[in-house]
Structures are given as C-alpha cells and as structure tokens.
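**Student:** Can you keep this structure in mind? I'll have questions shortly.
There are 2 protein chains.
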Amino acid sequence: MSKTAEIFCIGTEVLIGDIVNTNAAYISRRLSETGINVYHHTVCGDNPERIKKCLDIAFDRSDIVVTTGGLGPTYDDITKEIIASKLGLEMYEDKEVLARITSFFDKRGLKMTENNRKQALIPKGAVIFENIHGTADGIALQSGGKTVIMLPGPPREMEPMLENSVIPYLKSFSDHILVSSNVHIFGIGESTVESLLSDLMKSSVNPTVAPYVNAGEVRLRVTASGKTESEAKKLISETEKKISDILGNYVYGIDVPSIEYVLVNKLLSQNKKIAFAESCTGGLISKRLTDVPGASGVFCCGFVTYSNEAKTKMLGVSESTLKAYGAVSVQTACEMASGAMSKSGSDIALSVTGVAGPSGGTEEKPVGTVCIGIAVKGKGARAKKLFLGGHKGNQRDFIRTLTASNAFKTALDELDGIS
Amino acid sequence: MSKTAEIFCIGTEVLIGDIVNTNAAYISRRLSETGINVYHHTVCGDNPERIKKCLDIAFDRSDIVVTTGGLGPTYDDITKEIIASKLGLEMYEDKEVLARITSFFDKRGLKMTENNRKQALIPKGAVIFENIHGTADGIALQSGGKTVIMLPGPPREMEPMLENSVIPYLKSFSDHILVSSNVHIFGIGESTVESLLSDLMKSSVNPTVAPYVNAGEVRLRVTASGKTESEAKKLISETEKKISDILGNYVYGIDVPSIEYVLVNKLLSQNKKIAFAESCTGGLISKRLTDVPGASGVFCCGFVTYSNEAKTKMLGVSESTLKAYGAVSVQTACEMASGAMSKSGSDIALSVTGVAGPSGGTEEKPVGTVCIGIAVKGKGARAKKLFLGGHKGNQRDFIRTLTASNAFKTALDELDGIS
Chain A
25 MSKTAEIFCI GTEVLIGDIV NTNAAYISRR LSETGINVYH HTVCGDNPER
75 IKKCLDIAFD RSDIVVTTGG LGPTYDDITK EIIASKLGLE MYEDKEVLAR
125 ITSFFDKRGL KMTENNRKQA LIPKGAVIFE NIHGTADGIA LQSGGKTVIM
175 LPGPPREMEP MLENSVIPYL KSFSDHILVS SNVHIFGIGE STVESLLSDL
225 MKSSVNPTVA PYVNAGEVRL RVTASGKTES EAKKLISETE KKISDILGNY
275 VYGIDVPSIE YVLVNKLLSQ NKKIAFAESC TGGLISKRLT DVPGASGVFC
325 CGFVTYSNEA KTKMLGVSES TLKAYGAVSV QTACEMASGA MSKSGSDIAL
375 SVTGVAGPSG GTEEKPVGTV CIGIAVKGKG ARAKKLFLGG HKGNQRDFIR
425 TLTASNAFKT ALDELDGIS
Chain V
25 MSKTAEIFCI GTEVLIGDIV NTNAAYISRR LSETGINVYH HTVCGDNPER
75 IKKCLDIAFD RSDIVVTTGG LGPTYDDITK EIIASKLGLE MYEDKEVLAR
125 ITSFFDKRGL KMTENNRKQA LIPKGAVIFE NIHGTADGIA LQSGGKTVIM
175 LPGPPREMEP MLENSVIPYL KSFSDHILVS SNVHIFGIGE STVESLLSDL
225 MKSSVNPTVA PYVNAGEVRL RVTASGKTES EAKKLISETE KKISDILGNY
275 VYGIDVPSIE YVLVNKLLSQ NKKIAFAESC TGGLISKRLT DVPGASGVFC
325 CGFVTYSNEA KTKMLGVSES TLKAYGAVSV QTACEMASGA MSKSGSDIAL
375 SVTGVAGPSG GTEEKPVGTV CIGIAVKGKG ARAKKLFLGG HKGNQRDFIR
425 TLTASNAFKT ALDELDGIS
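Protein chains in written order, with this note's numbering: chain A, 25 to 443; chain V, 25 to 443.
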C-alpha cells in the first residue's frame, strides 16, 4: 500500500499569479516515479492562520506533506516556525547550518545580516537537507506516522535538493525501488509511437511505458520496480532495447538532455565541425548548439541571414535562385548550406528557411512551410521541404523550435550514415 | 470588503506532474486585477470522494470557487454532476447548448458521439458561458451567498471564456475595479530601485508599487483601485510619471513585452537597420530580436563567431588584436562591431564577447566577464567591459541572457542619443 502525499506551496506571489507553481508539477512527477501517490496540491499565502488551517487539512488527509517556500530570512517566512509549533517541537540554532550560512556570505564577499541567523533555527529531531544554491536548508520531520518535508521555494534551490537528498530519504522508507529512464524520440508523432508500440505499452506493467510530448518531441518514460536498483535497471534496459528495435533511428538518445547535446557529442566523436545558415530561426540553432558546454569544439560559425540581401551577401545565394524559387525553397536552402560550408570551411553545414508566422504565409507557402538544407564535405548539398503544423500555444515559437530540432536530426542522421 | 476566491483544479494529469497548473496562475492574476483576493489554490484528481471533500473545504473558506477541468464528455468528467448534487440542483438538457455542440461537430465534419450529449446537461439556475474553442461550456451558480464558476481545463478554451464572460460576470458584483501596469527597468538592481523609490514605495497605498525581478531585469507593477477604470488609470499614470522622473533612462518601457520589442520598434521609427556579431551569446541576440514579429524590417544579419578563426574570417578582426588583448576584450569587441557593420551595411551594429562559463574563466577574466561593443554609422565603434555576477540558477543561461539584454540596452541608449 503506497503512501499518499500532498504538495503544499506557501507563497503569496503564487496566489496573485506572478509565479506559476512549477514546483508542484516537478515534485509530483518525481514522487510518482518514486511510487508515492500525490493526491492533493495546495497553495496559500504567507498568512499564519491560513497556513495553520491548510496544514491541519493536509496532515489529516495525507501521509506525506511536502511544503515549498517560507524558509527565507524575512519576517513573513514562517513555514518552519508554524510546523514546529504544530508538532510541539522546540527549535535550536544548528551550529553546522549557521557555519554554512556564514561561509555562503563570506565566499561572496557579502555581509550576513542578523535576520539570516533565523535560517539556522532547526526543529529538534529534524533531518537537514543542505541547500547548495542558497541559505535556506530543507528539513524533514517524522511525527505520529506522518512525514513533513520543508523545501525552499526557488526551483534552482529546490530541485537539486529534491534529487540529491529528498528522493533518497523517501526511498529509504520503501521496500522496493522504482527506477526510470527516458527514451528520446524525434521524427514521428505521439500517435504513431503509440500505434507502433501498442502491444508493448498495453502489456506494460513492470516496467511501465508512458509517453510525453514537448516541443514536437516524444519522450517515453520507462519506469521499473525492483527489490534492488540493478534488478529494476535490468528490466528497464530490456524494454529500452525493445523500443529501439521497433522505432530504430527515431530514437536519438536515452536519458540525454537534448538533441543538440547528442549532436555536439557525435561531432566531437567524429572530430567534425559544423556551421549554420539560419533564416526563419533567426539564430536559434546556433544558440541551442552553444547551450551545450563544449560546443566550441565543434562549432565553426553561424550566419543569421534573415533578408534576401543577407543570403546573397553573406552566403552567396544567387539572386536568380531567390527570384525563380523564392527564399523559402529547397533550392535556396541548398545554396545557403553550400555557402555556409564554403565560407566557414566546416565539414558539415545546416541551413533553414521557412515561414514561421504569424504573418508571411501564402496559399502556396502557408505558415509552417520550412526548408532544411544540409551540405557535407565531398557530398555537396541537398534539402527537404516540410510542413510543420499542429502547434499548441505560440505558433511562431513552435515552428522555430521544431525547425531547429529537425535541422539537428538531419545532421545526426547524416553522421550516422543513414541519410 | 472584497471577496475571497479559491481556484480548484480537477485533473489527475496535474497531480502526476504531466501538466503544470498554469490555469491557476492565469485566473489568479485576472481575479486579483479585478479586486478579488485569491487565498487558496487546490488540485485534486478525478476521484469523486476527494473532489467532494475538497469542495466542502473550498465552500467553507471561500466566497468564490472557480473550478477548472472535469467538464468533458468522458465518464471521469464529473465536476458539474458533483457540484449540482452538492447544491441540490437538478440538471436539464439545455436545447441551445446541445444545438451548439451539434453544430460544433457538423462544422468540422465530425460525428457527435452520444457521450457528448452529457455536456448539454446544465444545473437549474445556472449562467452559461459559451466555449468558442470547444464543446465544454462554462457555468456559474449562486447558492447560499457563494459563487461557483466551472471552467474547462484546456487554457485555449478557458482563457477566452475567462476574459469574455467570467471577468465581466464577476465585475458586475464589484463596487470598484483594479487596474495594473508594469514599468520595465534595466541597468540597475532591485535593491537600488527600492532605495531610489523608497519614499514612493513605502507610502504607496493606492496605487501600490511592487517590484519583481526576472533575468536581471526589474519590473514594477503599479496597481490602482478606482470607482471607474479611468479614475484608476489616472492614478497609475501619475505614479508612472513619478517613477520615470526618478529612474529616468533606466525605465525602457511601460507594459511592453520585452526590451528587444522596444528596440525593434525604435529602429523602425528611426528607419535604421541593425546587425549583430555574437561570440559568447552564440546567436541568442539574433534569436531574441527575431522573436519580435516584424523584426525583418530592421534586422540586416547576424554573425555568430564563436571561435577566433571565425572572428577573423567573418568579421575581419585582426589576429594581432586577438593575440595582444584576447578574444574577451574591448578591442576585440570594437573590431567585431565595426566588422559586422561594414560587412552588413547596417546603420548600427552590436557585438558581444565574454566568458559565459561554466569553464573558460581565468584569474584575470573570470566567468561573467563580458565586453559589449557598438558601431554606429559615422561615429565609429566603442566598447565597454562588464562583470555579470549574482546569478540565481543556471549561470551560463543567466550570463548569456543578461549579456543580450545589456547589448539591447546599449543600442536603445544610442538611439535615444544618451550614450
């Protein structure tokens, strides 16, 4: 019988809608993966009376209560104080925590203000989770069969604390272990993935296989339960293999941060350099590649040629081609890629040109029409035309993001020799 | 005495963390601006017992309960049914609603399934809010001094319904209205803003002035209450003027989407074209400028020159300069900007070169050292060196984002003639 949890966010800024409560989603996903059922989310402001009442409700209906926020140094940060008094626990000033807070300020050449001492006050019997990005440590308490875990509000402080300290702490109470992995897929939609894997997914009990879609990419989360971590990992790798056998090259990585990360590392391993010629993406492809630390080892340069004039001037795209076929054409894409490769001296070059919208669409080339070109040393250039539809939310962002991802996948396939 | 509200989201997908509850933030912001105090957010899954209990709690502590989700056609969409039975209201099949649902399917050449009839069942005495993007209409009920409003879960259905129907419905109960505006500031930190405006902010009651910080930018939200919209707006504009008088040029816009948006429109109004030479930002500056629809009217081109070789090859930065001063230097930044302007034929060109980290820092040039150059037709080039510290979270993202924003501000100041 798995435990039930409630995520209780304390912060007026969330209640007035200035901040979206992404913490609740993040914590819920990780707790679910740990085998804990999250049954409620609650948010209330920095108001002692309302916090107390919400805590009473949470303790009444949940085994585990995870709070976020209200651990800061200011007068309205009262989560710790209220929970300690509710559980009848005294607070003491923890020497180690105080030393950590002091050195946090020293390292940054800042003076620690008196109110920061407050953050070293810990309820008796608490387990302390170190905050590697701030001064508000996390705290876990056990009382009357209930577990309460207090985490800081800023995601950059909360997330590593959850991963490094809280999840291991919670797993220590469980008699089985859940392990998850993510299979990253690009080039086919969710429905296609589900139909190709229908037998596998329908029959999946342990491991379970759940699909997630984001920015035109499909991610399959494989979650296995086992008595030991190695037992769970063995189950996962078997299922990963089945998925890869069926989806083949559409799987671009397992537990990788991004498709551009995979591309950078493939280029490094093949000791090749890449260049980009971007029109509709306006620099996004270069930006995403250079989000990957170490990209400098494979990145020659990028040309952001938004106008026809720039395409001609910077890449040597012929005016006759632009005139005959237009900027959004496979012919222009080919010349852009060839130009980028020759001007930069790269081994491989990608080009994109398209209609990202909201305006600029025509009957013949509606918004979402995109051409992706690739030039390869010794192989010349080629290009393909795509129509990127089915956006949710900001269409322009969606088209630009998906165009960049498609370009990355085109390069990956080329490097894998399956083009 | 303004009313208190609770946003109650019903949906298992939110509880397991597959969806972030952006609806709660959106509704909270709009209700706050309407003068309604949102005191609680609650989320629970598609479970009748837990939904009932959460509703009891919500009705007990809130004047207005706004639910999202659970209005669909499937068996687990039960929000309407549970609330109707809780309030002891019978349901009837609404002819108009049914007609609308039927035509919704006809228009799309789809066959209406029998379970969609369920969506035409309305509790007696309800006010109906038409759903222009789907088949799940919204519903408002008044009972025992409480107001309950049921909205569909998908944001693209919920948001227009909230704007077009729910806000006007709620305003009809209110005797005053709140209006907000945002003053956007760049170049000074939150603490400096607060000290410069301390008198204004301390004494601010109507309008209130609240600071928010994001990606190195400070935003002041000015919120005024008035009997009429024009009365509130008058109060706001007076406070906006006071802020601008004190902060002067640090205020780059009021109620603007971004600093790049302001730059694009200033360039358009002065009929000037811009080019970029980017090293550490790796295309982010071009990307952000082209996030603004219409940027093509002012954007010549971008050079992403990550390596020294590219700086020399593409921009004509002299090898001796790179050798003598290094890539991260005001000298290199100047030559990058000059090169970008001459190669592109733009009126103005920005360049950035710096150490974004995580690696690459030295004693002399630690991570966060950034040089920003600007070249202006007829004025030559100049550059400044900055140290961007104090990041929260991902340092590399922070430095790249702040570098881009600083570059945009440099161009804005130049165009404003205050450089």
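Using N, Cα and C, we set each Cβ at its ideal position, and we do this for glycine too.
For T336 (chain V), I'd like the list of residues in its chain whose CB is within less than 8 Å of its CB, leaving aside the five on either flank, ordered along the chain.
**Tutor:** Excluding sequence neighbours, T336 (chain V) sits near S342, E343 and L346.
**Student:** Looking at the structure shown, is C33 (chain A) part of a helix, part of a strand, or coil, going by DSSP?
**Tutor:** In the structure shown, C33 (chain A) sits in a strand (DSSP, three-state: E or B).
**Student:** Classify T103 (chain V): buried if its beta carbon has 16 or more other beta carbons within 10 angstroms, exposed otherwise.
**Tutor:** Classification for T103 (chain V): buried.
**Student:** Taking C-beta to C-beta, are T329 (chain A) and T356 (chain A) nearer than 7 Å?
**Tutor:** No; because the gap between Cβ atoms is not below 7 Å, this pair is not in contact.
**Student:** Pairing CB atoms from the segment 173-185 of chain A with CB atoms from the segment 239-252 of chain A, are three or more of them under 8 Å?
**Tutor:** No, the segment 173-185 of chain A is not in contact with the segment 239-252 of chain A.
**Student:** Could you tell me which chain A residues have their CB closer than 8 Å to the CB of I81 (chain V), listed as they occur along the chain?
**Tutor:** Near I81 (chain V) (Cβ distances below 8 Å), the residues of chain A are I81.
**Student:** List the residues of chain A whose Cβ lies closer than 8 Å to the Cβ of I40 (chain V), in chain order.
**Tutor:** Within 8 Å Cβ-Cβ: S52, R53, S56 and V62.
**Student:** Across which residues does DSSP place M174 (chain V) in a beta bridge pair?
**Tutor:** According to DSSP, M174 (chain V) bridges with V:T91 and V:I163.
**Student:** Where do the ends of the alpha helix (DSSP H) carrying C358 (chain V) lie?
**Tutor:** Run containing C358 (chain V): V354 to S368, per the alpha helix (DSSP H) assignment.
**Student:** Comparing C-alpha positions only, which one of V:L291, V:S261, V:T386 and V:G369 sits nearest to G321 (chain V)?
**Tutor:** When only C-alpha atoms are compared, the closest one is V:L291.
**Student:** CB C325 (chain V) to CB S368 (chain V), shorter than 7 Å?
**Tutor:** Yes, Cβ-Cβ distance for C325 (chain V) and S368 (chain V) is below 7 Å.
**Student:** Assuming Y276 (chain A) contacts H208 (chain A) (C-beta within less than 8 Å), just tell me the rounded distance between them.
**Tutor:** That pair is a contact at about 6 Å.
**Student:** Between V:I34, V:C78, V:S375 and V:S429, which has its C-alpha nearest V242 (chain V)'s C-alpha?
**Tutor:** It is V:S429.
**Student:** To the nearest angstrom, how far is it from the Cα of Y274 (chain A) to the Cα of G211 (chain A)?
**Tutor:** Cα-Cα distance, rounded: 6 Å.
**Student:** Taking just the CA atoms, how far does V90 (chain V) sit from A48 (chain A)?
**Tutor:** When rounded, the distance between both Cα atoms is 19 Å.
**Student:** From G133 (chain V) to G41 (chain V), what distance separates their C-alpha atoms?
**Tutor:** In a straight line, the C-alpha of G133 (chain V) is about 34 Å away from that of G41 (chain V).
**Student:** Let me know if P281 (chain V) comes out buried or exposed under the rule of 16 or more other beta-carbons within 10 Å of its beta-carbon.
**Tutor:** When all chains shown are included, P281 (chain V) counts as exposed.
**Student:** Using a Cβ-Cβ cut-off of less than 7 Å, give me the residues of the segment 331-365 of chain V that come near chain A, in sequence order.
**Tutor:** Hits within the stretch, in order: S331, A334 and M338.
**Student:** Can you confirm whether V280 (chain A), when its beta carbon is compared against all beta carbons of chain V, has any partner nearer than 7 Å?
**Tutor:** No, no contact with chain V.
**Student:** Would you mind giving the Cβ-Cβ distance between I106 (chain A) and K76 (chain A), rounded to the nearest angstrom? I have them listed as a contact below 8 Å.
**Tutor:** I106 (chain A) to K76 (chain A), Cβ: 6 Å. Contact.
**Student:** Just verifying my parser: in three-state terms, what is the DSSP assignment at S268 (chain A)?
**Tutor:** Helix at S268 (chain A).
**Student:** Verify whether the separation of the beta carbon atoms of R312 (chain V) and A380 (chain V) is less than 7 Å.
**Tutor:** No, the Cβ-Cβ distance between R312 (chain V) and A380 (chain V) is not below 7 Å.
**Student:** Chain A beta carbons: is any one of them nearer than 7 Å to that of P390 (chain V)?
**Tutor:** Closer than 7 Å: no.
**Student:** Is the segment 137-149 of chain V touching the segment 157-164 of chain V in the sense that three or more CB pairs, one from each, lie closer than 8 Å?
**Tutor:** Yes, they touch.
**Student:** Helix, strand or coil: which one does DSSP assign to F83 (chain A)?
**Tutor:** Here F83 (chain A) sits in helix by DSSP.
**Student:** For K403 (chain V), which of V:G240, V:D371, V:D440 and V:S375 has the nearest alpha-carbon?
**Tutor:** The candidate whose alpha carbon is nearest that of K403 (chain V) is V:D371.
**Student:** Below 8 Å on the Cβ atoms is my contact criterion, and I expect S362 (chain A) with A405 (chain A) to pass it. Report the Cβ-Cβ distance as a whole number of Å.
**Tutor:** With 8 Å as the limit, S362 (chain A) and A405 (chain A) qualify as a contact, their Cβ atoms being about 5 Å apart.
**Student:** Tell me, to the nearest whole angstrom, how far the beta carbon of G384 (chain A) is from that of Y63 (chain V); I am working on the premise that it is less than 8 Å.
**Tutor:** Not quite, the Cβ-Cβ distance comes to about 46 Å (not below 8 Å), so this is no contact.
**Student:** For chain A, is any of its Cβ atoms less than 7 Å away from the one on T91 (chain V)?
**Tutor:** No - not a single Cβ of chain A is within 7 Å of the one on T91 (chain V).
**Student:** Could you compute how far the alpha carbon of T19 (chain V) sits from the alpha carbon of D130 (chain A)?
**Tutor:** This structure leaves residue 19 (chain V) out entirely; chain V is present only between 25 and 443.
**Student:** With a 10 Å radius around its C-beta and 16 neighbouring C-beta atoms as the bar for buried, classify T263 (chain V) as buried or exposed.
**Tutor:** So T263 (chain V) counts as buried.
**Student:** Please list, in chain order, the chain A residues whose beta carbon lies closer than 9 Å to that of V44 (chain V).
**Tutor:** Here the neighbours are V44, N45, T46, A48, A49 and Y50.
**Student:** Within the continuous beta strand (DSSP E) that includes S215 (chain V), where are the two ends?
**Tutor:** Premise fails: S215 (chain V) lies in the alpha helix (DSSP H), E214 to L220, not in any beta strand (DSSP E).
**Student:** May I ask you to report which of helix, strand or coil DSSP gives R54 (chain V)?
**Tutor:** Helix at R54 (chain V).
**Student:** May I ask which residues mark the beginning and end of the beta strand (DSSP E) holding K409 (chain V)?
**Tutor:** Counting along the chain, the beta strand (DSSP E) containing K409 (chain V) begins and ends at G404 to F411.
**Student:** Could you tell me if Y236 (chain A) is buried or exposed, where buried requires 16 or more neighbouring beta carbons within 10 angstroms of its beta carbon?
**Tutor:** That one is exposed.
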